[in-house]
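One structure below.
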Amino acid sequence: MFILLFSGIATWGGVFLLCNSFSKKYDSTLLRSPYFTPEEQVNYKEFPLNLHKTVIYMSYFSYSFMSKKRFKNKPAPKIDALTKISSYSIITLALITVFGFLIFLSVAIYLYLKIPV
């Protein structure tokens, strides 16, 4: 249970750290009209929705099939190795956290149902 807690904290910590650098580097090329609506462009510049925008960017950089619907026919911008590695690691850690939570929840429900009344 503590592993899930620490992996969730590490995931959100990584998103917070990458938020400012991704906004400075990629907003001019990715936060545009065919990919984001004008309302989204305004909203995703402020906290807390800029964290969601950062997760969208990270999923586009690491697993492009996850954001295929939003960035249709858009070649990925040139990114450095550190950005790519950090995006991969944070998105993978987030997916592991979600699946780990579902496994933990299913085991807890199973054990609860096995307790004799």
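Heads up: take any position in the sequence shown, counting from 1, add 1, and you land on our numbering. Glycine included, C-beta positions come from ideal geometry on N, C-alpha and C.
Spatial distance of residue i from residue j (CA atoms)
i     : j      : result
THR98 : TYR89  : 14 angstroms
VAL43 : PHE72  : 18 angstroms
SER63 : LEU6   : 23 angstroms
PRO39 : ILE110 : 44 angstroms
PHE37 : LYS85  : 22 angstroms
GLY15 : ILE91  : 6 angstroms
ASN21 : ASN51  : 9 angstroms
TYR45 : HIS53  : 8 angstroms
LYS60 : VAL118 : Strictly speaking, residue 60 in this sequence is Ser, with Lys absent from that position. One C-alpha to the other measures close to 46 angstroms.
GLU47 : GLU41  : 10 angstroms
LEU83 : LEU114 : 46 angstroms
LYS25 : ILE10  : 24 angstroms
CA nearest to the CA of residue i, picked from the options
i     : options                         : result
THR93 : PHE3, MET2, SER8 and ILE4       : SER8
ASN74 : VAL108, ALA82 and SER65         : SER65
PRO78 : SER24, THR30 and ILE10          : THR30
PHE3  : LYS69, PHE105, PRO49 and LYS115 : PHE105
Residue i and residue j closer than 7 angstroms at C-beta
i    : j     : result
THR1 : LEU19 : Given a span of 2 to 118 for the chain in the structure shown, any question on residue 1 remains unanswerable.
Neighbourhood of residue i by C-beta, 6 angstroms cutoff - its chain only, sequence neighbours within 5 removed
i     : result
ALA95 : THR12
Residues near residue i by beta carbon distance below 7 angstroms, same chain, minus five either side
i     : result
MET67 : SER60
TYR58 : PHE23, TYR27 and LEU31
Same chain, Cβ closer than 8 angstroms to residue i, neighbours up to 5 away in sequence not counted
i      : result
GLY101 : ILE4, LEU5 and SER8
Any chain D beta carbon closer than 7 angstroms to residue i
i     : result
VAL43 : The structure shown contains no chain D; it is built from a single protein chain.
> Curious, which full-length alpha helix (DSSP H) runs of at least 4 residues does the stretch 16–42 contain?
Replying inline: none
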